[in-house]
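Chains A and B supply the protein sequences, listed in that same order. When you number the first sequence by our numbering, it's gap-free, plus one each residue, and the end is 162. When you number the second sequence by our numbering, it's gap-free, plus one each residue, and the end is 787. Step one of this worksheet: look at the structure below.
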Amino acid sequence: MAWRLIFSAAFGRQVAAALDAAARQAAAPKALPPERVHASSLVLLNALQREGRLIDFLQQDITRFSDEEVGTAARVVHTGCRKVMQQCFEFAPASPAAEGSSLTVAEGFDAQQIRLTGNVAGQPPFRGTLKHHGWVAKAIRLPELSEAVDARVIAPAEVELP
Amino acid sequence: MSRYTIGIDLGTTNCALSFYDLSLAEPRHWQESVLPIPQLTAPGAVEERLLLPSFLYLPNAREFPEGGLALPWSKAPALVLGEFARSHGAKVPARLVSSAKSWLSHAGVDRAGALLPWQAPADVQRVSPVEASTRYLEHIAAAWDGKRAHGKSGAADAIAEQEVILTVPASFDAAARDLTLKAASDAGLKNVILLEEPQAALYAWLEVAGESFRAHVESGDVILVVDVGGGTTDLSLIAVTEQAGDLQLTRVAVGDHILLGGDNMDLALAHNLNQELIEAGKKLDSWQFASLTYGCRQAKEHLFAEPKLKKAPISVPSRGAGLVGGSVKTELTREALTRTLTDGFMPEVPVTEMPQTARRTGLAQMALPYAQDPGITRHLAAFLRRQARALEKSHDSPVKVEGTSFVHPTAILFNGGVFKAGVLKERIVQVLNNWLAADGGQPIKELQGADLDLAVARGAAYYGWVRHGHGVRIRGGTARSYYVGVESPAPAVPGFEPPVKALCVAPFGMEEGTQADVPPQEFGLVVAEPTRFRFFASSVRREDKVGDMLEDLHGNTEFEELAPIETTLPGDSREAGKLVPVNLQAAVTEVGTLEVRCLEKGGEGRWKLELNVRMKGDAEPVGER
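And the structure:
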């Protein structure tokens, strides 16, 4: 540096304190409202409702309806939600083996991918039966939601004008 | 020079973009060359899809939250298009523009006039069919620029700087082609070439087949392209010939414009099921009917994919939140599917059976002139028979038609999402083979298509590559000959129209970038006054030469009347009223449009005759309510 300024010690301390406060303020995370923090979950719910009427289905008490009526509605939910799932995710089984087949869980296995059940004791390798092949989302493509839109509104009320 | 050639399929129900990077020395990987198009799927949600549904929604100013319609390239678009336009438009049909492309080729209305949506409320700012097409192209262009034209080479990679191949139905007339081009130019595309969709489909096949295409076709083959899109059925015949050891492809004929497509099929199924529901006392509203139509499409695809299934269930969701109990159950049976689609749209008929045409009234012309006969096989029969008679008269026909009652295609290429149903392909092949067997022909072979939804866009981009000197180019020129009407002087008799003669100005098969000789006939143009000619085309008169004068056209089904062509010679007041002798000349531009000009006799003057798309012939200007 070709030049420098010399301050009094007191002024220097004041400056340092002010800079400190500014840094703390900048570092503190701005508290986002919950709908922004969880925007992607809400977007997904929005899509599942829009395409597959999932919230309608789950919010309904279905005890008084016949299996046929539930089945009719379930087809709507299945077709629509499946489409959303296919658009947003690529799923693959966590284990490539067939369910019911026996397999060896080697030492150093990935506890994220494999959960042991039943008589869990001793050290790997373990020998066991595949009860459920699990699911892993290999690709995730959630739609972005613009901040202009209130994500808490999963489905707006629809008012039809005559 | 542009780095890319970009193929755009501006479809009746879906648009798509494919591209070819010319800077790469090697052929592209055709699977990886389709641009995902960001579009609104719900207010505030922008997602990418390979297809952009060709739907335009004209929202009310207060309908959606502020900023809810924003796109990556526009904060507050005044219009919605694509996926959300389609889904929301089903609930607000009066604000939804659909099938704009079919209106573009409808000579009965003012195609440049703001008339869509056809039944919009008064506060809706209507758009013209041209403007709707412009909006789709603008959206696609913005999607391209957003994804491809940034960074160092940004400006140079912008779509405006690229060569764009835009596809049109082969059956589009000169005016519809001009309007498509206008839409492209309004959308900022500077460098556009038109390509017929069935040719694009064949290019897509050629790209996938690569060098091995010679193993699939040989000299003497006649390829029939059957392209059934969402709203139109488009037929083309392409002949394979050999010259100096090289195979050549020539498009020899195209069919009439048939407003009949896959959407009609889903609608037909939905109407049948809706009738049953009404009889059972269940009434669907318009949104539920749209859901039923969508459900029918899925059930149809399911049944066609699994031949053992007898029926497929369809659930129509309730309109309100009470999904369980409020949803309506129905099912599509295989019997109904076969009866409605396979037999209804592709009936087994003899080749002599002609499509029924209902008498058209002036009023019927206002709405879209949908095909009166849903039998695609009947339209196909009519096309092949008509073209056989036309080719018979041709002295250098590349197709052998002697002793046959219709053109015998030897290979068939299917295009359009409808043909995901193998059953429908099989039916057409079976019907054709029956005709061929009865007429002494050989069974037809199917050319396995590339991708039924994206082939047209892909083939268009590939055509751009072919234009740069690679692969095989399909030749053909214009699929029609063109005529101007010349009214014969005759004493006026009430109730009788004066006979109209036709002067041939452009022969059949005129190639792009060529112009026809100047016919000897002379016309007088009055300076500063509009001059108008009636304008005709024929898809079967292959032998007429420039200057041929044909007698009375009234009632002659070989001719089809197009929008009239007109011009006004500019001139100052001193010259007004002066008569200028001119000859007419036609040219097919490099872009693929037809241009008719007036050349001043013995002078320098030349004026372009514009197609008047506002009215047809001498008919009253229709399209006004």
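For glycine and all other residues, C-beta sits at the position ideal for the given N, C-alpha and C. Predicted model only: the values in this text are computed from it and were never measured.
- In this structure, residue 266 of chain B lies away from residue 236 of chain B, with their beta-carbon atoms at least 8 Å apart.
- Taking the beta carbon of residue 491 of chain B as reference, the chain A residues within 7 Å of it are 72, listed in sequence order.
- The residue among B/241, B/435, B/640 with its C-alpha nearest the C-alpha of residue 293 of chain B is B/241.
- Residue 694 of chain B carries a strand assignment under DSSP once its states are collapsed to helix, strand and coil.
- With fewer than 16 neighbouring CB atoms inside 10 Å of its own CB, residue 138 of chain A falls in the exposed class.
- In the DSSP annotation of this structure, residue 401 of chain B is not part of any alpha helix (DSSP H); the continuous beta strand (DSSP E) holding it starts and ends at 395-405.
- In the displayed model, residue 255 of chain B falls within a helix according to three-state DSSP.
- The beta carbon of residue 669 of chain B sits no closer than 8 Å to any beta carbon of chain A.
- For the region 37-70 of chain A, the continuous alpha helix (DSSP H) assignments of 4+ residues that do not extend past its boundaries occur at 39-52, 54-59, in sequence order.
- Nearest CB-CB separation between residue 89 of chain A and chain B: not below the 8 Å threshold.
- In the structure shown, the three-state DSSP call for residue 516 of chain B is coil.
- When the Cα atoms are used, residue 374 of chain B and residue 155 of chain A turn out to be separated by approximately 53 Å.
- Here residue 164 of chain B carries a coil assignment [DSSP, helix/strand/coil].
- Excluding its 5 nearest sequence neighbours in each direction, residue 430 of chain B has C-beta neighbours in its own chain below 6 Å: 502, listed in chain order.
- Proximity of the region 571-580 of chain B to the region 378-393 of chain B meets the contact definition, three or more beta-carbon pairs being nearer than 8 Å.
- Within the region 183-216 of chain B, those residues whose Cβ lies closer than 7 Å to any Cβ of chain A are, in chain order, 203, 204, 205, 206, 207, 208, 209.
- Residues of the region 43-58 of chain A with a Cβ closer than 7 Å to any Cβ of chain B, in chain order: 43, 46, 50, 53, 56, 57.
- Of the candidates B/690, B/395, B/179, B/179 places its Cα closest to the Cα of residue 198 of chain B.
- If you ignore the 5 residues before and after residue 563 of chain B, its C-beta comes within less than 7 Å of the C-beta of 550, 553, 554, 569, all in its own chain and listed in chain order.
- Taken residue by residue, none of the region 236-261 of chain B has a beta-carbon sitting less than 7 Å from a beta-carbon on chain A.
- Membership of residue 465 of chain B in the alpha helix (DSSP H) is indicated by the continuous run 448-467.
- Beta-carbon to beta-carbon, residue 494 of chain B and residue 474 of chain B are separated by about 5 Å, close enough to satisfy the 8 Å threshold.
- For the 8 Å CB-CB criterion, residue 277 of chain B and residue 286 of chain B do not form a contact.
- If you check the CB distance, residue 324 of chain B and residue 170 of chain B do not come in under 8 Å.
- Between residue 487 of chain B and chain A, the shortest Cβ-Cβ separation is below 8 Å.
- Interface with chain B (8 Å Cβ-Cβ cutoff): residue 159 of chain A is excluded.
- In this structure residue 135 of chain A is exposed. Its beta-carbon is surrounded by fewer than 16 other beta-carbon atoms within 10 angstroms.
- Interface criterion not met: the Cβ of residue 130 of chain A is under 8 Å from no Cβ in chain B.
- Taking the CA atoms as reference points, residue 679 of chain B sits about 7 Å from residue 708 of chain B.
- Pairing residue 729 of chain B with residue 339 of chain B gives a Cβ-Cβ distance that is not under 8 Å.
- With a threshold of 8 Å between beta carbons, residue 579 of chain B makes no contact with chain A.
- Listed along chain B, the residues sitting closer than 7 Å to residue 145 of chain A by beta-carbon distance are 206, 207.
- By the Cβ test, the region 438-445 of chain B is not in contact with the region 414-421 of chain B, since fewer than three Cβ pairs between them sit closer than 8 Å.
- A distance below 7 Å between beta-carbons, with the five flanking residues on each side excluded, links residue 84 of chain A to the following residues of its chain, in chain order: 47, 48, 51, 52.
- Per DSSP, reduced to three states, the secondary structure at residue 130 of chain A is coil, with no helix or strand assignment.
- Within the region 721-734 of chain B, contact with chain A at the beta-carbon level (separation under 7 Å) is assigned to no residue.
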